Amino acid sequence: MSDKFEDKCGLFGVYGHPEAVPLTLRGLAALQHRGQESAGVAYARDGTVECVKVMGPVRALAPRAERIEAPAAIGHVRYGTCGDRSLESAQPILCTGAHGAVALGHNGHIVNVDALRVRVSGSGIPAASDSDLLTRRVAQHYTGDLGGAVRAAFQGVAPAYSVVVLTADSLCALRDPLGMRPLSIGRLGAATVISSETCALDSIGADYVRDVAPGEIVLVEGDRARSLMGLAPWAPPAPCIFELIYFARPDSVVFGQSVAAFRTRLGERLALEAPAAADVVVPVPDSAVYGAVGYARASGLELGLALFRSHVVGRTFIEPTPAARTEAILAKWNPIPSLIRDRRVILVDDSIVRGNTCRHLVHRLRDAGAREVHVRITSPPTIATCHFGVDTPDYRELFATGRDLASMQQMIGADSLAFLSLESLSAVAAPMTEMCNGCFSGVYPVDVPTAHPHSPRRNPELSLRTSAPSLHLAEVP
Ligand code: 5GP
Ligand code: MG
């Protein structure tokens, strides 16, 4: 079993449209920020399901799939961590059971995967990942009724998952009972569309209908979509706050919130909580742009786009070695001296994880002539591993682990450093339901496994913090 997370992948699906495959490719392209490691599409045709997958972005998949004609399709883009760059991990995963083929795409990470693996042991080749395991479970239970198969297969499966499943004649979309990962439903004429984010519905001209509810199974077959309340609601939902802070596209509505508006409010709140005497507010593009807009607005300071971001350079964050990450950061952002020379700069970013981005950018802004650099982060310090699908490293690699604010400030070489408080973050998230903020608090909405030899480890210092209502895996129905 691979311990590589499936991470914040992107899911898309179309049912009941002759151009289901090309539409799915377009939807996936709008979800590309959720994963560029691999891309795949599965489609229903002639009583069976087939699948095309490639390593790389959606544009590498398109030439091999865009002319496929099928009335239903699902697609997946994968954000894999370094070291797991094989087509074997690409999705959708296709599995043929006694009653036909099933293809499944998964976003999230199943925290009780080890317990589940024990239950399906003896079934031949070991599952390659938690997503592979889910596909096999659905295929095993499938006897022609996809809704029933999914309900049975997900008994005892802990979060986090948003999933789409395709058979020869039906499509199913579901979200775990905590609703940790987003998933929304759209309509394009008579066709039903499923997407991780609403920006991809917009990209094909589909209307947003509503979100798949936490714990809901939506079954689409024939000419109708039905809601099956299949997965027992265990607890209040706990959607992932990091989707709103960093991961989702700003033009999406996620968990009922405009992502851009949410980030702007974080920046406004931070300006009130942590002001700085300065001349210009500079975002780290792209992810901190809205936060900086909010900060500048609330502080009455000028917004200066003084860091150019190259769009040719991809993700710096998951480069495998520190040297490669540094190189990528140098190539990705370039300061514009004329906008900052002799000025006091407030550098706004959305998060500090390992601390590389901030440390390098502070130095480069100084080299480019900034007189002072004050760093403001629109989220609290990341202090704990995410067990639900965000690519946060082992807690020991986290910048904030074992450091107080003064030493963090010194490490990044800033004139001052401030993070948004957890209280302010929660206040901005209200009146939403409780959200999972485990990466900032070390408190998780469900029990998480303690150190597995290869899994990212929990910070033992945090294990006594159980102030949040915690669900125990034994309670999973
Ligand atoms: P650091 O350099 O501190 O390790 O990472 C922080 C930077 O990476 C921030 O600019 C933030 O926008 C971005 N970031 C935070 N989390 C993630 C993630 O899960 N994936 C990617 N690709 N970038 C991230
Ligand atoms: Mg960023």
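With my numbering applied, the sequence shown covers 1 to 477.
Backbone N, C-alpha and C define an ideal beta-carbon position, used for all residues, glycine too.
Remember, it's a predicted structure, so these values are computed and weren't measured experimentally.
- Pairing F399 with D46, the inter-Cα distance amounts to about 53 Å.
- Distances between the C-beta of V390 and the heavy atoms of the ligand 5GP include at least one below 7 Å.
- According to the DSSP assignment, E37 belongs to no alpha helix (DSSP H), since it is labelled neither H nor E.
- By alpha-carbon distance to V259, the top candidate from L231, A288 and T321 is A288.
- Contact annotation: T48 and A206 have beta-carbon atoms that are not nearer than 8 Å.
- Per DSSP, F440 is not a residue of any beta strand (DSSP E); the alpha helix (DSSP H) it occupies stretches across G438 to S441.
- Relative to the ligand MG, the beta carbon of A277 is positioned no closer than 7 Å to any heavy atom.
- Just measuring C-alpha positions, the residue of A152, D145 and G144 sitting nearest L134 is A152.
- Contact check for F440 against P380 passes: the beta carbons are separated by less than 8 Å.
- For V448, DSSP assigns no beta-bridge partner whatsoever.
- The ligand MG has no heavy atom closer than 7 Å to the beta-carbon of D367.
- Residue burial annotation: V428 is buried, with at least 16 other C-beta atoms found within 10 angstroms of its C-beta.
- Using a C-beta cut-off of 8 Å, the stretch 181 to 189 makes contact with the stretch 206 to 220, since at least three inter-stretch Cβ pairs fall below that distance.
- Annotation: the continuous alpha helix (DSSP H) that includes N356 extends over N356 to D367.
- For R344, the enclosing beta strand (DSSP E) stretches over residues R344 to D349.
- Fully contained in the stretch 193 to 241 are the following alpha helix (DSSP H) runs of length 4 or more, in chain order: 198 to 203.
- Between the ligand 5GP and Y246, a heavy atom-to-CB distance of less than 7 Å is present.
- With contacts defined by Cβ atoms closer than 8 Å, G80 and E37 form a contacting pair.
- Excluding residues up to 5 positions away in sequence, D350 and S379 lie with their Cβ nearer than 6 Å to the Cβ of I245 in the same chain.
- Here S162 carries a strand assignment [DSSP, helix/strand/coil].
- Taken in chain order, the unbroken stretches of alpha helix (DSSP H) that lie wholly in the stretch 245 to 276 and span 4 residues or more are 259 to 273.
- Annotation: A238 to D176 spans about 10 Å, alpha carbon to alpha carbon.
- I125 carries a coil assignment under DSSP once its states are collapsed to helix, strand and coil.
- Between the C-alpha atoms of F388 and I110 there is a straight-line separation of about 7 Å.
- The alpha carbon of T401 has as its nearest neighbour, out of E434, G355, A39 and V375, the alpha carbon of G355.
- The alpha-carbon of P393 is positioned some 23 Å away from that of L31.
- Residue burial annotation: P445 is buried, with at least 16 other C-beta atoms found within 10 angstroms of its C-beta.
- Per DSSP, the unbroken alpha helix (DSSP H) holding E423 starts and ends at L422 to A429.
- When DSSP reads this structure, F12 sits in a beta bridge with G75 and S195.
- DSSP, reduced to helix, strand and coil, places V282 within a strand of the structure shown.
- Just so you know, the alpha carbons of G189 and I241 end up roughly 33 Å apart.
- Using a Cβ distance threshold of 8 Å, I346 and V281 count as a contacting pair.
- Residues Y290 and G291 of the same chain have their beta carbon placed closer than 6 Å to that of R263, with the five preceding and five following residues left out of the count.
- Under a 10 Å Cβ-count criterion, P92 is classified as buried, with 16 or more other Cβ atoms of the shown protein chains found around its own Cβ.
- Just so you know, the alpha carbons of P71 and C172 end up roughly 15 Å apart.
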